[in-house]
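Numbering (my numbering), first residue to last: 691 to 832. Positions of the beta carbon are idealized from the N, C-alpha and C atoms, including for glycine. Notes follow once the structure below has been shown.
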């Protein structure tokens, strides 16, 4: 079982979903970021519980060389959509998509089937091939 699969099991054992795992450098420090979602929202206690469960696993199987900080957090209301799984977890939300040709599409994410993303815009339904997406994110109308 891969490290990501083991982390996913831990996250799911707490009733949450694994949204993403990434390693980033911020202010000269390496951060191993585990992003989670929960149907009732993500709070500090849930993040702390999952962090405490993941930490011993990472002590035995370090995810990166050298020093790093483990961060467990919510992806937030407005978040980048980089993987098909991100789109699947965001069905029903408002999204902004930019295609490789520069076309911008804004609307409600209706469904994801195979490699196709279905977005209901103000005027019609757009069906987008995932491979044609340059960038995408959810957004919230304030």
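Item                                                                                                                         : Value
In chain order, each alpha helix (DSSP H) run of at least 4 residues that lies wholly inside the segment 724-751             : 734-750
Residue interval of the beta strand (DSSP E) (run including residue 788)                                                     : 784-789
Residue 698 (DSSP reduced to helix, strand or coil)                                                                          : helix
Range covered by the alpha helix (DSSP H) that runs through residue 778                                                      : 774-778
Bridge partners - residue 763, DSSP secondary structure assignment                                                           : 725
Neighbourhood of residue 732 by C-beta distance below 8 Å, restricted to the same chain and skipping five residues each side : 706, 726, 763 and 764
Residue range of the unbroken beta strand (DSSP E) whose run includes residue 799                                            : 794-803
Residue 745 versus residue 814: straight-line alpha-carbon distance, rounded                                                 : 47 Å
Given 8 Å, three or more beta-carbon pairs between the segment 777-792 and the segment 746-758                               : no
Contacting residues, own chain, Cβ-Cβ under 8 Å from residue 774 (five flanking each side not counted)                       : 802, 805 and 820
Burial state of residue 779, where buried means 16 or more other Cβ atoms lie within 10 Å                                    : buried
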